[in-house]
Amino acid sequence: MIQNHERFHTARGRRRVLIVDDGVIDRAILGNMLEQDYEVLTAADGAEGLALIRQWGLRLSAVLLDLHMPVMDGRSLLRELRADPELLRLPVIVLTAEKGAEIESLRMGASDFITKPFSDPEVVRTRVWRTIELAEDAYLIRTTEKDALTGLFNQEYFFRYAELFEQNHPEEEMDAVMVDICHFHLLNELHGRSAGDEVLRRLGERIQKAVGESEGLSGRRDADRFLVFVRHLENPEEFLNCLYEGLGEALSGSTQIRLRMGIWSKADRNVEMVRRFDRAKLAADTIRNNYNQSIAVYDGAMHEKELLAERLIGGVEEALRERQFRVWYQPKYAIQGERPKLVSAEALVRWKHPEFGMVSPGAFIPLFEENGLIQKLDHYVWQEAAEQMRRWREKFGITLPVSVNVSRIDIYDPHMVERLLGLVRDNGIAPRDYLLEITESAYTQDSRQLTGVVEKLREAGFRVEMDDFGSGYSSLNMLSELPVDALKLDMRFIRNLRTNAKNLQMMKLVVDIARFLQIPVIAEGVERAAHLRQLREIGCDMVQGYYFSKPVPAEEFEKFIKKEERKKCSQ
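In our numbering, each residue's number is its place in the sequence shown (first place is 1) plus 4.
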């Protein structure tokens, strides 16, 4: 029996294909047809397939994709791939027995299709080979060595020539450098695309000149990110400073351009070239929001963090089986009455790792989001939260509403509404008491898809809260258009209440607008009595935060329920 993710062959240099099909027999038949010519990977649903595609990227030669699957269907996966510029040239062959689906798939961006049931193995092999060959030929035709805008090597040729350079200079100590422009998208919005392109062109010229003086190679990775492979820089600050010359002249007004540079100094030759620049990018990302630092050097601590990330990703399945993930709860209080009143809780996940101890959500949740693993964790938390609500109802005779987080990838699951309805039905919960939190960024990234899903959820009786409201750029414009039952203000507003009077004014404006639209407002991150007083004065409806309690295990949370019940009895 062929297992998910099984590799038929692992010989170096062979093309690699991914079969995404929920049919075990179909995966086995197709895998056996192709195993002589390709290394074959398999996945049982679209979400699992997307995770593998994110992992392997363009090291895959083709994806063979079934349309009808659980979790994420083939159409949703195809849309996700065609929306990703880095994966646009990955050929997708649709597997279908559905009449008319072939034309629809081709219009959506599929390269070819194979009808089910699979008949002649030679026909299947020929169509796969032909699709891959055509895709590779088309790519070679489109691709030239140089980036059209900057004149630097494009990413692919940069890495090729960097490897050749190293082979020809075996004794040289080389630095892998990543340079990018901070908040470049804002420059485009403020000054227009042509001005942004001029900044990129000038920066390309400056990098090319600086690298030429230091002997090395330069390339453009994508958008505003540049690659530099150069003999060891004794003075990185001097190198970075020389890149600024003439950049500001491309913009009108007084807009400041800020560059950020990540370096792997004297990079290890035993690490593949692409991975070296990934580590330079990792270094640059550590100073993303640090306006006092422009250069970061990859070091042992970052390496340890990278290794930890790999260990955590590799341990997810075992952690789910062994229930290492713990669901804790943080209370939410209504604050506009005579006294704060417990009205609901948020379910938050913690990982008690057998080796690393309690792992911070900030360490593993972004990793899971990047690697397509977050959906499995979401399902685990949803189940735990629903069962806990049932246990509290049986023990205390009340239903305490609980909110759970919904990730962006969940939105593409065609069965999400049915899954959630099944959870609440099995645990005797009303959908309105099972609250769903979706981040503002998910609304802004794919508002049409998300709006449709949220409308279905609300029609089914669920209430939806927009989490981290205020962290994006189009929040106020979205309020009147998007279906939402509550706003959760980004906790950065709360943290700066005492030091920034404008934050309080801005929060009051948001609360006033929300009240006009009849949308309750929740403030998270409340840590002080002063915060609570200010929020009550401006009309905020509910709060959560360390002032009342940090997230705690379910058993410890019960003290809040008991306390609330005692207050009711004493009235």
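Using N, Cα and C, we set each Cβ at its ideal position, and we do this for glycine too.
Owing to the predicted nature of the structure, the values given are computational and were not obtained by experimental measurement.
| field | Closest residue to S553 among G113, K563 and L138 (Cα-Cα distance) | value | K563
| Can you give the beta carbon distance from F243 to F169, rounded, assuming they're within the 8 Å contact cut? | With a Cβ gap of about 18 Å, F243 and F169 do not count as contacting.
| request: Would you check if there are 3 or more beta carbon pairs closer than 8 Å linking the segment 483-495 to the segment 515-529? | output: yes
| request: In angstroms with no decimal places, state the Cα-to-Cα distance between R570 and E52. | output: 48 Å
| said: Here's the rule: buried if 16 or more other CB atoms are within 10 angstroms of the residue's CB, otherwise exposed. What is D226? | reply: exposed
| field | Buried or exposed by the 16-neighbour rule on C-beta atoms within 10 Å, applied to F520 | value | exposed
| query | Going by alpha carbons, who is nearest to P335 out of I23, V556, R79 and L91? | reply | V556
| said: Suppose you measure from the CA of F122 to the CA of V128; what does that come to, to the nearest Å? | reply: 7 Å
| field | Nearest-angstrom beta carbon gap, N431 and A390 [assumed within contact, 8 Å] | value | 5 Å
| query | How is N158 classed by DSSP in three states: helix, strand or coil? | reply | strand
| request: Given a cut-off of 8 Å, decide if L81 and L54 are closer than it, judged by their beta-carbon atoms. | output: yes
| task | Decide if I402 is buried, meaning its Cβ has at least 16 other Cβ atoms within 10 Å, or exposed. | result | exposed
| request: Would you tell me roughly how many angstroms separate the C-alpha atoms of V183 and R292, rounded to the nearest one? | output: 12 Å
| request: Given a cut-off of 8 Å, decide if I442 and M420 are closer than it, judged by their beta-carbon atoms. | output: no
| query | Closest by CA to L62, which one among L71, P344, E238 and E90? | reply | E90
| field | As assigned by DSSP and simplified to three states, the class of Y477 | value | Note that Y477 has pLDDT 49, beneath the 50 cutoff, so the model's placement of it is unreliable and the number below is only indicative. Here Y477 sits in coil by DSSP.
| query | Fully enclosed by the segment 81-133, which alpha helix (DSSP H) runs are 4 residues long or longer? | reply | 105-112
| task | Could you tell me which residues DSSP puts in a beta bridge with Q334? | result | E350
| If we call anything under 8 Å between Cβ atoms a contact, is E126 one with F117? | no
| field | contact_flag[the segment 66-82, the segment 22-32] where n(CB pairs < 8 Å) is 3 or more | value | yes
| task | Assuming I542 and F400 form a contact by the criterion Cβ under 8 Å, report the distance between their Cβ atoms to the nearest whole angstrom. | result | With a Cβ gap of about 33 Å, I542 and F400 do not count as contacting.
| Close Cβ partners of R280 (< 7 Å) along its chain, the five nearest in sequence each way excluded | A180, W268 and A271
| Rounded to a whole number of angstroms, what is the C-alpha to C-alpha distance between T578 and Y416? | Residue 578 lies beyond the residue range present for the chain, which begins at 5 and ends at 575; the question has no answer from this structure.
| request: Could you please give me the residues that DSSP links to M362 through a beta bridge? | output: K356
| said: Assuming the contact rule is C-beta atoms closer than 8 Å, L440 and L427 should be a hit. Round their C-beta distance to whole Å, please. | reply: That belief does not hold up - the Cβ atoms of L440 and L427 are roughly 11 Å apart, past 8 Å.
| message | Can you tell me where the beta strand (DSSP E) holding L263 begins and where it ends? | response | L263 to W268
| field | Own chain residues within Cβ distance below 6 Å of P418, not counting five before or after | value | D77
| Assigned secondary structure, K554 (DSSP; H/G/I helix, E/B strand, else coil) | coil
| task | For the alpha helix (DSSP H) containing D282, list its first residue and its last residue. | result | M277 to D289
| Between the C-alpha atoms of Q59 and W355, what's the straight-line distance to the nearest angstrom? | 23 Å
| field | Contiguous beta strand (DSSP E) assignments of at least 3 residues, all confined to the segment 505-553 | value | 525-528 and 546-548
| query | What residue does the alpha helix (DSSP H) around V428 start on, and which one ends it? | reply | M420 to D430
| said: Looking only at its chain, what residues have a beta carbon closer than 6 Å to the beta carbon of E568, apart from the 5 residues adjacent to it on each side? | reply: L346
| said: Taking a contact to mean a Cβ-Cβ separation below 8 Å, would you say V132 touches A114 in this structure? | reply: no
| request: Give a yes or no on whether the C-beta atoms belonging to A349 and V406 are separated by under 8 Å. | output: yes
| task | Taking all protein chains shown into account, decide if G266 is buried (16 or more other Cβ within 10 angstroms of its Cβ) or exposed. | result | buried
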